[in-house]
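What follows is a short report on a single structure.
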Amino acid sequence: MASAFDLSVEMAVPASRLWKALKQFHEVFPHLAPGTGDTMETVEGKAGQPGSITLITFGGVKGAPDGAYAKEKLISLDDEAMTLSSSEVAGGHLVLGFTKWGSSTKLTPIGDKKVRLEIRVEYEGDGGPVCDMAVEQAKEGMPQMFRAVEAYLLSNRLFC
Numbered sequence: 001m002a003s004a005f006d007l008s009v010e011m012a013v014p015a016s017r018l019w020k021a022l023k024q025f026h027e028v029f030p031h032l033a034p035g036t037g038d039t040m041e042t043v044e045g046k047a048g049q050p051g052s053i054t055l056i057t058f059g060g061v062k063g064a065p066d067g068a069y070a071k072e073k074l075i076s077l078d079d080e081a082m083t084l085s086s087s088e089v090a091g092g093h094l095v096l097g098f099t100k101w102g103s104s105t106k107l108t109p110i111g112d113k114k115v116r117l118e119i120r121v122e123y124e125g126d127g128g129p130v131c132d133m134a135v136e137q138a139k140e141g142m143p144q145m146f147r148a149v150e151a152y153l154l155s156n157r158l159f160c
């Protein structure tokens, strides 16, 4: 069964800075929860280019088992429109009973100093309790992650 949910987060950083951070997320990600073992590494293709695959390991994610990971493929990236889309191709939500888990992200500037980040997550799964719990965790966790990115950018003004 195909389903989706949408999230919107207004952030107190310029759209251009957040866009650069998203494109260099492999550099930002380890700083969001230092010491947890969370990592990102491009394992196929060129980092930040459509078609590339990134291996994400989750050492410190609450409830994630040791060795938890996701491989995510960058499907599209449009600098002018500030949009990107990706899809999990291994691990992550796919080991929880989902057959598809992908997201589309769009940034919309709000003046010169703020941005609205909009995410649409599309997924297919068995609809069981594990899938339902994973969707709820994503709905709660994704805005928290982007708030952490915002805090990192605000406290590290030289980055991006």
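Be aware that the sequence shown starts at 1, since it is given in UniProt numbering, and climbs by one per residue.
Beta carbons are placed, not taken as given, at the ideal position from N, Cα and C, and that holds for glycine.
Check                                                                                                       : Outcome
Three-state secondary structure assigned by DSSP to M82                                                     : coil
Cβ contact (3+ pairs, closer than 8 Å) linking the stretch 42-55 and the stretch 130-137                    : no
Distance CB(V28)-CB(L117) smaller than 7 Å                                                                  : no
Exposure of P14, with buried meaning 16 or more beta-carbon neighbours within 10 Å                          : buried
DSSP three-state assignment for F159, whether helix, strand or coil                                         : coil
Extent of the continuous alpha helix (DSSP H) run through V28                                               : 25-32
Whole-Å CB distance - F146 paired with M40, under 8 Å assumed                                               : Contact doesn't hold; Cβ gap of about 15 Å is too wide.
C-alpha gap between R17 and G51, whole angstroms                                                            : 23 Å
D38 classed as buried or exposed, judged by whether at least 16 other C-beta atoms fall within 10 angstroms : buried
Beta-carbon proximity of K71 to V89, cut-off 7 Å                                                            : yes
Segment limits, beta strand (DSSP E) that includes G102                                                     : 98-110
Any non-hydrogen atom of the ligand GTP closer than 6 Å to A70 Cβ                                           : You won't find the ligand GTP in this model; it holds no ligand whatsoever.
Buried versus exposed, by CB contacts within 10 Å (16 or more), L84                                         : buried
Option nearest L107 by Cα separation, candidates M82, V95, T57                                              : M82
Burial state of K113, where buried means 16 or more other Cβ atoms lie within 10 Å                          : exposed
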